[in-house]
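Below is one structure, written out as structure tokens; comments come after it.
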Amino acid sequence: MLMDENMNEVISDLKSYLEYLKGMGIFALPAAEINLGQPNPSRVMSLDEVQKELGDCKRCKLHRTRRTIVFGEGNEKATLMFIGEGPGYDEDVQGRPFVGKAGQLLTKIIESINLSREDVYIANIVKCRPPQNRNPEPDEIQSCNPFLMNQIRVIQPRIICALGTFAAQTLLKTDTKISALRGKLFDLEGIKVIPTYHPAFLLRNPERKREVWEDMKKIAESIKNAGHGTDL
Ligand code: URA
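In our numbering, the protein residues as written are 1 to 232.
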């Protein structure tokens, strides 16, 4: 009986440890720890697996008011990834990122460097709509972040364009203002990150579009220099 209880405790500890590793993006243990010394080629997760892992997520309070989880969409092998803040009304209804007014502008921004939405991958810092489109809160961002990081690790884009304050500050773990971050190149696990203004901000401040255009030219240049051209 005591033996059973000990065993249950060990299994429960092991489960929590494996969950913790998954959250860190580690999906396989070194071969020696799990089998008889056979080489265990490091396994790359697929986006479907990340989505399955996310499931019908209820890890934060946003699940109570959301209609749909907006997982993200686009090319699993994208060279360029866009990360926004979180779904709004249209995205919550349709279950797709950036499909409202700001989304239409993002589509134009993408096309300005001769790419289409199908070439890139689009995701958000939080996958569920915050009520009344309020800012996502730190606990919500934290709950969602391991899944976004796993999407990034699966896609392994050359460059991530962080759209607006929340995307830039979350990915770069900083509280520096977007106006000071935009147009500069940063590193996230070996992937370049370039913050720029959020399309919704541009709708309210169209005079700032020129700066975003400058940032997009940098992105196009960076893709070209990486030997990918714009033919993604
Ligand atoms: N704004 C965002 O940040 N993301 C969306 O998906 C839509 C609007």
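We put the CB at the ideal spot given by N, CA and C, even for glycine.
- Here residue 103 has 90, 91, 97 and 199 as same chain residues with Cβ atoms under 8 Å from its own Cβ, once five neighbours each way along the sequence are excluded.
- Residue 216 and residue 145 have their C-alpha atoms some 25 Å from each other.
- Annotated three-state conformation of residue 197 is coil, per DSSP.
- The residue from 94, 74 and 105 with its alpha-carbon nearest to that of residue 205 is 105.
- The alpha carbon of residue 157 has as its nearest neighbour, out of 77, 170, 85 and 93, the alpha carbon of 77.
- The continuous alpha helix (DSSP H) containing residue 106 extends over residues 101-111.
- Taking every protein chain shown into account, the CB of residue 226 has fewer than 16 other CB atoms within 10 angstroms, so this residue is exposed.
- In the DSSP secondary-structure assignment, residue 84 is bridged to 124.
- In the three-state reduction of the DSSP assignment, residue 147 falls in the helix class, which pools H, G and I.
- Look at the beta carbons and you see the region 67-76 touching the region 118-135: at least three pairs across the two are nearer than 8 Å.
- Under the DSSP assignment, residue 187 falls in the beta strand (DSSP E) whose first and last residues are 186-188.
- Counting C-beta pairs closer than 8 Å gives fewer than three between the region 106-114 and the region 172-190, which falls short of the contact rule.
- Residue range 47-54 is occupied by the alpha helix (DSSP H) that includes residue 47, with no beta strand (DSSP E) assigned at that position.
- Those residues having their beta-carbon less than 7 Å away from any non-hydrogen atom of the ligand URA are, in chain order, 70, 84, 85, 86, 87, 88, 91, 97, 98, 100, 102, 103, 124, 163, 164, 198 and 200.
- Secondary structure note for residue 171: it is in no beta strand (DSSP E), and the uninterrupted alpha helix (DSSP H) holding it is 164-172.
- DSSP places residue 177 in the coil class of the three-state scheme, outside both helix and strand.
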